[in-house]
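Below is one structure, written out as structure tokens; comments come after it.
Number of protein chains: 2
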Amino acid sequence: MGYLFLLDEAGLERAKPGLRLAERMGLPFRHVDLGLLEERMGLRPAVAGLEEAELAGLGDIVDAVLVEEAGMMDPERLVEYYYGKLTSMGVEFSFNTRIEGFIVEPRRPLGVEGEPLAWQDARVAGVRVEGDREVKARRKVIAALGAWSPMLLNPAGVDSYSKPKKRQVFVVRADGGRAGILRARGLNEYDVPPMTILPRGVYLRPEPGEGSFWVGVSDDLGRPFKLEDLPRPEGEFYALSVLPVLSLYFPQFQDAYPHAAWAGHYDVSFDGQPVVYEPYESGLVIVAGTSGSGIMKADAVGRAAASLVLGFEEAELHGGGSMPVKWLGIEGRRVEEERLVI
Amino acid sequence: MGYLFLLDEAGLERAKPGLRLAERMGLPFRHVDLGLLEERMGLRPAVAGLEEAELAGLGDIVDAVLVEEAGMMDPERLVEYYYGKLTSMGVEFSFNTRIEGFIVEPRRPLGVEGEPLAWQDARVAGVRVEGDREVKARRKVIAALGAWSPMLLNPAGVDSYSKPKKRQVFVVRADGGRAGILRARGLNEYDVPPMTILPRGVYLRPEPGEGSFWVGVSDDLGRPFKLEDLPRPEGEFYALSVLPVLSLYFPQFQDAYPHAAWAGHYDVSFDGQPVVYEPYESGLVIVAGTSGSGIMKADAVGRAAASLVLGFEEAELHGGGSMPVKWLGIEGRRVEEERLVI
């Protein structure tokens, strides 16, 4: 259904290099008339002079860019697909099996306490799981642990160079004046409202099937890098960090409070891009830092990891292209800054 | 006094690209005759057939490379120099003052609980120190926290992309057969033995003034990334990880046990090179990941940090060269892998 970026002056300036790049690469986007968005979605583009806008330093929406090929994906459907395929190929899954640590051992053990010793050629041989059970790898171990990467990898002396940061989603019913937004026509071929990104990164994700919206924002400075055991959504975060921006541009949300919410962790790498590498030729392939654009990159990241495990220098990508695996590694890393991110 | 690399076949192969590079750059090194090292330092280069060599998979020393301009520096002398200079320039120092956290606040505060809110333009304004005291920066805050970087930075939502790893040094007296090593002549103009690096990274650092040697090795896979409150040197680490290699090539150490030892933390960045950057234009300049070659790079790292704080894109280096500050940052990072590291 497309991603609709609603840009104020400052946002437009920041978006320009990304838009120019998209144009050069032939990636389709179009500017949407603000009057149309007022009419179809109830957008209030002109906010100058309103007290809330002054307080927050927020300006008028001056441009709306619809990236037509962007959209949403149901992660469960994707996971189900892989699960079914892999099961039919004989892959075994162990659910609800907590990893306690990685087994680091010398390739030529001496049977001495404290192995591996510093001069030994060591490798990661498998994992210890709860109940003091060991699972050994026939060839290599792949650690794709998301937000739990550093917690589980650091005791083995290796790192994902990514860290967990809490993220929250709030669900608001599409009732009252908000119901109209879900009926917005003419913005894409499905006649549903697009995923909409407001200034300061506040997003409004329509869920027509549920009759609701998912709303939120990613906060950075001041939001700890930290793994919480039971991350909880924070009501004040919705009220003070999301709602003021959302209800400024969509006044239908002025009295909207969430009826549901959840929280989890992003797994954020040092440069925001996935990390795929095998430290110290240890037999352990680390795949991490995929949050933010994880699911859309999952196929390519998986192919890079598989290539690394199998000893190939190039990963063959969907569509026939290929990429040196080391581009996602630490040495030889070559990633570009992403533009038009949320 | 130079760094003397004692290389077995595998080590020589790994060292070759670095040596070729040094040659092209005109950096002086020379090959030292192994017979001379046998005579002056008591080196045993031929170990093939010895049980300890077989067990450890260690081979004969086949080449010895003396990097003549490498050497050692007394960190206290350097620190005293800076301390004296800065004090005379009016800089105030606060020793024994524990930082409890960074103050993150909006540039335009509203006086609301929970600030900074996600849409506010926030910055790091200073630090909270013990006793609930705040110290505010007039301009910017520089966080040069070594191994304590992630622990103190992560609660503010930022990271140094470096992690602590324990390192240990053991002190062995130069008595008995070992005394001769300190009297080794003819290897440099000071007539002292060079810092010597054995296969697998075990090092022997002569301390003629103390009549002792500092010995150790850096272990990676299996050594946790972790900050210990009171890191202690481990006797077994010396006995099992250092001594077998040391005493194989220098049999004078066969019965040598340390009379002193200490442990601390390295601050290891994701690519082993220093990190200097200001996340989110927050007014907080992070300087970290300097361990391993820290003190020799301290001048350049300090100049890069000062340039960043003052808003210059280039740092003027000692000797008149200059370097874009972003080369040590996260975006725009451009560092080379170091060769001939210990």
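Chains as they are written, first to last, in this note's numbering: chain A, 11 to 352; chain B, 11 to 352.
Yeah, the Cβ is synthetic: ideal placement off N, Cα and C, and Gly gets one too.
Quick caveat: nothing in here was measured; it's all calculated off a predicted structure.
query: Residue nearest to Glu217 of chain A in terms of C-alpha spacing, selected from A:Gly190, A:Leu29, A:Ala63; result: A:Gly190
query: Under 7 Å by beta carbon: chain A residues contacting Glu246 of chain B; result: Gly124
query: Under 9 Å between C-beta atoms of Gly12 of chain A and Leu65 of chain A; result: no
query: C-beta atoms of Leu387 of chain B and Glu62 of chain B nearer than 9 Å; result: As displayed, chain B neither begins before 11 nor continues past 352, which places residue 387 of chain B out of reach and without an answer.
query: Contacting residues, own chain, Cβ-Cβ under 7 Å from Glu288 of chain A (five flanking each side not counted); result: Leu294, Val295, Leu318
query: The segment 273-285 of chain A / the segment 325-345 of chain A touching (three or more Cβ pairs under 8 Å); result: yes
query: Cβ of Leu250 of chain A within 9 Å of any chain B Cβ; result: yes
query: Nearest-angstrom Cβ-Cβ length linking Asp73 of chain A and Leu37 of chain A, presumed shorter than 8 Å; result: Actually they do not touch by this definition, with Cβ atoms about 17 Å apart.
query: Short CB-CB distance (under 9 Å) between Asp229 of chain A and chain B; result: yes
query: Trp129 of chain B at chain A interface by Cβ criterion, 9 Å; result: yes
query: Beta-bridge pairing of Ser217 of chain B - partner residues as DSSP gives them; result: The sequence shown places Glu at residue 217 of chain B, not Ser. Its beta-bridge partners are B:Ser222.
query: Asp142 of chain B in three-state terms, based on DSSP; result: coil
query: Expected contact under 8 Å - CB spacing of Val335 of chain A and Phe322 of chain A to nearest Å; result: 7 Å
query: Residue-level contact to chain A via CB, Arg133 of chain B, 9 Å cutoff; result: yes
query: Counted within 10 angstroms of its Cβ, other Cβ atoms place Phe127 of chain B as buried (16 or more) or exposed; result: Residue 127 of chain B is actually Leu in this sequence, not Phe. Label assigned to Leu127 of chain B: buried.
query: Contacting residues, own chain, Cβ-Cβ under 8 Å from Val202 of chain B (five flanking each side not counted); result: Met11, Leu192, Ala194, Pro216, Pro218
query: Beta-carbon neighbours of Pro254 of chain B, restricted to chain A and to distances below 7 Å; result: Trp129
query: Test: Glu23 of chain B CB closer than 9 Å to a CB of chain A; result: no
query: DSSP state of Ser98 of chain A mapped onto helix, strand, coil; result: helix
query: Neighbouring residues, chain A, relative to Gly167 of chain B (Cβ below 8 Å); result: Lys175, Asp229, Asp230, Leu231, Gly232, Arg233, Pro234, Phe235
query: For Ala314 of chain A and Ala325 of chain A, believed in contact at Cβ under 8 Å, the rounded distance; result: 4 Å
query: Closer than 9 Å to chain B by CB, Leu120 of chain A; result: yes
query: Proximity of Trp129 of chain B and Val57 of chain A at Cβ, strictly below 9 Å; result: no
query: 9 Å Cβ cutoff, Ala66 of chain B in contact with chain A; result: yes
query: Contact check, Glu125 of chain B vs Glu115 of chain B, beta carbons under 9 Å; result: yes
query: Opening and closing residue of the alpha helix (DSSP H) in which Gly21 of chain A lies; result: 19-35
query: C-alpha gap between Phe105 of chain B and Leu155 of chain B, whole angstroms; result: 14 Å
query: Within chain A, partners of Arg210 of chain B - CB distance below 8 Å; result: Ala128, Trp129
query: Stretch-stretch touch, CB-based, cutoff 8 Å, three pairs: the segment 148-163 of chain B with the segment 88-104 of chain A; result: no
query: Alpha carbon of Ala32 of chain B to alpha carbon of Phe15 of chain B, nearest angstrom; result: 14 Å
query: Alpha-carbon to alpha-carbon, Lys150 of chain B and Lys176 of chain A; result: 27 Å
query: Chain-order list of residues whose beta-carbon lies under 8 Å from that of Glu144 of chain B (same chain, five-residue window excluded); result: Ile113, Gly136, Val137, Arg138
query: 9 Å Cβ cut-off: residues of chain A touching Val114 of chain B; result: Leu231, Gly232
query: Interfacial residues, the segment 278-298 of chain A to chain B, with Cβ spacing under 8 Å; result: Phe280, Asp281, Pro289, Tyr290, Ser292
query: Span separating the alpha-carbon of Phe172 of chain A from that of Tyr171 of chain B; result: What sits at residue 172 of chain A in the sequence shown is Ser, not Phe. Between Ser172 of chain A and Tyr171 of chain B, the C-alpha separation is close to 8 Å.
query: Segment limits, beta strand (DSSP E) that includes Ala80 of chain B; result: Premise fails: Ala80 of chain B is in no beta strand (DSSP E) and is neither H nor E.
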